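Okay, so here's the structure we're looking at.
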Amino acid sequence: MRRQLRNLRFWLLMFPLGWLVMVALFISQWPDPGAASPDELAGRVAESLRAHDAKKLAPLFSVGGEEIAQETTTRFTGARVVSARFSGGAVVVEFVRVDGTSGTVTMPVEETDGRWRITPVVAP
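Under the working numbering, the first residue of the sequence shown carries the number 14, and numbering increases by one thereafter.
What follows is the structure, given as structure tokens:
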């Protein structure tokens, strides 16, 4: 055994094997995109927008997550999120701007493979 540990061929084989196992484990532990329910999705959207955290918001989108999440959080910097709820096939976010005016944003939602995601693509 000691002789084998000193052998360069042994280490040249073990290093890539160990690396592949590590990558496979990290990929298997990666969280699924979206949310398990529409109410959970609405809660996670509100939490992400309140924290202005594009990285938390990005996996909640079905397509183009990083760019859309960054732009959305940038536009919400001057607003306070009051609430977010699932209603009529969409997440409805209520907010108040710095000047005191309020408004709502409706984000369409789709369910794919048991996971709920916001879809930026509007379909009739």
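Note that beta-carbon positions come from the ideal geometry of N, C-alpha and C, so glycine has one too. Quick caveat: nothing in here was measured; it's all calculated off a predicted structure.
Query                                                                                                                                                                         : Result
Distance check for Met27 and Ser50, CA to CA, integer angstroms please.                                                                                                       : 43 angstroms
Terminal residues of the continuous alpha helix (DSSP H) containing Val122?                                                                                                   : Segment 115 to 125 is the beta strand (DSSP E) holding Val122; no alpha helix (DSSP H) there.
Return the chain-ordered list of same chain residues with a C-beta closer than 6 angstroms to the C-beta of Val105, the five sequence neighbours on each side being excluded. : Arg98, Thr117, Thr119
Considering only heavy atoms of the ligand ATP, does any lie closer than 7 angstroms to the CB of Gly77?                                                                      : The ligand ATP is absent from the structure shown, which contains no ligands of any kind.
Over the uninterrupted beta strand (DSSP E) stretch that includes Ser100, give me the two end residues.                                                                       : 92 to 100
Start and end of the alpha helix (DSSP H) containing Arg22?                                                                                                                   : 21 to 42
Can you grab the Cα-Cα spacing for the pair Phe108 / Gly101, in whole Å?                                                                                                      : 19 angstroms
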